[in-house]
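Here is the structure we will look at.
There are 2 protein chains.
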Amino acid sequence: MIRLKKPNVVVLGAGYGGLMTVTRLQKMIGVNEASITLVNKHDYHYESTWLHEAAAGTLHHERVRYAIADVIDQSKVKFIQDTVEKINLEEKQVLLQNHEPLTYDYLVVALGFESETFGIKGLKEYAFSIANVNAARQIREHIEYQFATYSTEEEKRDERLTIVVGGAGFTGIEFLGELVNRVPELCREYDVDPNKVRIICVEAAPTVLPGFDPELVEYAVNVLEKKGVEFKIGTAIKECTPEGIIVSKDDQVEEIKAGTVVWAAGVRGSRVIDESGFEAMRGRVKVDPFLRAPGHEDVFVVGDCALIINEETNRPYPPTAQIAMQQGEVCAKNLAVLIRGQGELQPFKPDLKGTVCSLGHDDAIGVVFGKKIWGAKASVMKKVIDNRALYLIGGPTLVAKKGKFKLL
Amino acid sequence: MIRLKKPNVVVLGAGYGGLMTVTRLQKMIGVNEASITLVNKHDYHYESTWLHEAAAGTLHHERVRYAIADVIDQSKVKFIQDTVEKINLEEKQVLLQNHEPLTYDYLVVALGFESETFGIKGLKEYAFSIANVNAARQIREHIEYQFATYSTEEEKRDERLTIVVGGAGFTGIEFLGELVNRVPELCREYDVDPNKVRIICVEAAPTVLPGFDPELVEYAVNVLEKKGVEFKIGTAIKECTPEGIIVSKDDQVEEIKAGTVVWAAGVRGSRVIDESGFEAMRGRVKVDPFLRAPGHEDVFVVGDCALIINEETNRPYPPTAQIAMQQGEVCAKNLAVLIRGQGELQPFKPDLKGTVCSLGHDDAIGVVFGKKIWGAKASVMKKVIDNRALYLIGGPTLVAKKGKFKLL
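Residue numbers (my numbering), protein chains in the order written: chain A, 4 to 411; chain B, 4 to 411.
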């Protein structure tokens, strides 16, 4: 068969889902079968599941990212560094901030998550969120600056040393796990009395880590409390101000003064989804079994912008790296089928291996292959999972370069 | 001779002058001859001539300080960590912030320098000064936070990346020398385009490094300009605001927006001097030939709080570490004479070996033993001088611990 024109495959986003799609697709098809274009805001991929470490300052952000050029085959994939403004579904075009519009035959939307503040007043202005590499290192620097300033000021404002974490979900707890290890280092670095530092976690739900096994949750809470975290559960953040937050519990309103507020309680899909006219909820498209947007058979959506209902629980699968990468694999296969016009589309079926929530570099809790684990064992498992994400996208070379392990 | 009571020697300040006095005196006299008390705000000494490196972030502040306990003989010297509030000359007492007043028979005032803003509006509130370890690391963190924030904000405010250094004297130039080396590192660390960064030096005098050899000054200006510093000479800072500074030159007023303003143009002696009723100018006491305050034969003043006129130039000697340490030596000898009631007081005569001004870690200019030097040679000489200060106070052990050298 002779094609008059190679089809244009455009992939938006180089997170777990987008990069998995591209790295798998570049192996499956030949140079002459399709033109692949990858668009990403930065020239690097970052491990968004490691960002809490960069934000706490326990892992340098250079360790959390790698150059996209290191994992794509540049003979097959053209990379454009730019920000996506909108998708024009009618014209099959992607509008970019600084480049001419891109025309696609097949589109993969993998634009990841954004922070969701649920309209809580002041959160957007005064709270940080662990949204990306830039945001993570700003949090690290902000906290360090608070400690440095505390040492300098004549009238000590103890609330400078209070760090509020909004949300006791996965991200909140993992961030707390790093913070409790980081704070003693900061106290030594800036000659600050550790007793002056407060770490407060505020969660509106009646429990920490909703949905997690209660025994493991208790383990996590004990570990973090022992290291100084104060939990305020069943407590809602009403407002964030330049001075801290205002919370309410059982109609009791309280102000908590804090030099740093990190919002880790809500994520949503990309605003590009909303602005492009997809049928969506909070930037997430409920995709068909083959990961396509309803009514747009040439548009795939993978990762945190894709919404899939878990039929066992009748609730959406959580937006995880694990699922995003599995979707990328299926998406690449389905693209190859469409490009070649042969074979059958494969439906997506998540294969959930488990979940591990870290509590600092040396502790964790989790359920893996249906088994509960905690402590050092869970911590090792967490690092295995982190390294696996590197391996799946960049092979052993990338694991050697960015992996989490010690050489003995 | 049997004394009924050992005299109390109280030394205020553990900078170059105070610590030199104590470490020399503890070698000269026996445990039974006098009680020596050293008072200092912190439990560490810092190399104030190295602070510009900590402020720029080119040398960690841990390298710039050492524990006072490491250099004093605790069988002879009692150390009190506290802030001096006032000296009561009539009662021969020193009032401290958190301890009972100290009574002295002999007092050494070595309270060092403070920043002098000459009443320029807003400087105290909005500019940083490289005054001590706490201030230096706050400057470092402030600059890093500006870079981190620039990477995060959607509408980039380029002026965040502008650093204004007020003053092209010794401290200003040495700080600039470190900054020009640090900025490229910061740009890499925070993915910032180096062309967006501005480093501006504003000096009211008609020349950089007033009093320095003009040929050496030209060398320094060329080096710094080549690395990106913009000099505004003959330009006075009129006001400092939260947004930057307002300067004037030849009656032309200009606003320079800047995320960071570091004031490095004025020092004065300690405010404790003013508040204790000494005859003094800007916190500096014009001492007698034996380093005593006029009218108070039991009170010595050494270091930056002592004012001595250079008879050759009819101007005061500048407040340097070299002079402070030489004064400490003479002061210790004179104290020993007074304690023992034998021997003769020795007049102080500065022995100026030279001055080297660094331009980063690998370049410098200076005059040493009357000879002009620059480049690598001057830079090596600067490190020799830095190590000598450690040696004089703490001997070879301290040089090995904190010295500036590379082991090959």
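Ideal Cβ positions, reconstructed from N, Cα and C, are used throughout, including at glycine. The model shown is predicted, which means the values in this text are computed figures rather than measured ones.
Interface flag for Gln29(B) against chain A is unset, since no Cβ pair is found closer than 8 Å. Within the segment 131-159 of chain B, the residues whose Cβ lies closer than 7 Å to some Cβ of chain A are Asn137, Ala138, Arg140, Gln141, Glu144, His145, Glu147, Tyr148, Ala151, Thr152, Ser154 and Thr155, listed in chain order. Beyond the five residues adjoining it in sequence on each side, Ser273(B) comes within less than 7 Å, by CB distance, of Leu114, Gly115, Glu117, Gly286 and Cys308 in the same chain, given in chain order.
The segment 214-274 of chain A contains, as complete alpha helix (DSSP H) runs of 4+ residues, the segments 217-229 (chain order). Within chain A, no C-beta atom comes less than 7 Å from the C-beta of Tyr49(B); the nearest is roughly 12 Å away. Counting only Cβ-Cβ distances below 9 Å, Tyr394(B) has no contacts in chain A at all, with the closest Cβ about 26 Å away. Per DSSP, Asn337(A) is one residue of the alpha helix (DSSP H) stretching across Ala324 to Arg343.
Per the DSSP secondary-structure output, Pro319(A) pairs in a beta bridge with Ile312(A). In this structure Cys243(B) does not touch Ile133(B) by the C-beta definition: roughly 15 Å separates them, more than the 8 Å allowed. Judged by DSSP in its simplified three-state form, Gly369(A) adopts strand. Fully enclosed alpha helix (DSSP H) runs of no fewer than 4 residues occupy 126-129 of the segment 89-143 of chain B, in order along the chain. For Leu15(B), the three-state secondary structure derived from DSSP is strand. In the three-state reduction of the DSSP assignment, Asp389(A) falls in the helix class. Counting every other CB atom within 10 Å of its CB across the protein chains shown gives Met284(A) a total below 16, marking it as exposed. For a Cβ distance threshold of 8 Å, nothing in chain B lies close to Tyr107(A): the least Cβ distance comes to about 27 Å. Residue Leu362(B) holds the alpha-carbon nearest to the alpha-carbon of Glu221(B) among Gln77(B), Leu362(B), Gly16(B) and Lys8(B).
Counting other Cβ atoms within 10 Å of its Cβ, Val288(B) reaches 16 or more and is therefore classed as buried.
Counting only residues of its own chain and dropping the five nearest sequence neighbours on each side, Lys405(B) has a CB closer than 6 Å to the CB of Tyr69 and Leu393.
Counting only Cβ-Cβ distances below 8 Å, Tyr69(B) has no contacts in chain A at all, with the closest Cβ about 14 Å away. Annotation: the continuous alpha helix (DSSP H) that includes Gly175(B) extends over Phe173 to Glu192.
In this structure the segment 10-29 of chain A touches the segment 324-337 of chain A; the number of beta carbon pairs closer than 8 Å is three or more.
At a cut-off of 8 Å between beta-carbon atoms, Tyr129(A) makes no contact with chain B. One thing to note: Arg143(A) has its Cβ within 8 Å of the Cβ of Ala58(A). In the same chain as Cys334(B), and ignoring 5 residues on each side of it, the C-beta atoms closer than 7 Å to its own belong to Thr24, Val111, Leu294, Phe303 and Val305, in chain order. For His64(A), there is no enclosing beta strand (DSSP E); the enclosing alpha helix (DSSP H) has its first and last residue at His64 to Val67.
The residue from Lys241(A), Pro245(A) and Lys260(A) with its alpha-carbon nearest to that of Ser251(A) is Lys241(A). For His299(A), the enclosing beta strand (DSSP E) starts and ends at His299 to Val304. Ranked by how close their Cα comes to the Cα of Met384(A), the residues Ala261(A), Lys356(A) and Arg343(A) have Lys356(A) in first place.
If you draw a 10 Å sphere on the C-beta of Phe408(B), you find fewer than 16 other C-beta atoms in it, and that means exposed. The segment 191-205 of chain B makes contact with the segment 163-174 of chain B; the number of CB pairs closer than 8 Å reaches 3 or more. Contacts with chain B at 8 Å (Cβ-Cβ) do not include Tyr222(A). Among the residues facing chain A, Tyr193(B) is included, as its CB has a counterpart in that chain under 8 Å away. Only buried fits Thr174(A), as 16 or more other CB atoms lie within 10 angstroms of its CB. Bridge partners of Trp377(A) according to DSSP: Ile368(A). Across the set Ile236(A), Glu282(A) and Ala139(A), the C-alpha of Ala139(A) shows the shortest separation from the C-alpha of Leu62(A). With distances taken between CA atoms, Asp301(B) lies nearest to Tyr107(B) out of Lys9(B), Tyr107(B), Asn35(B) and Thr40(B).
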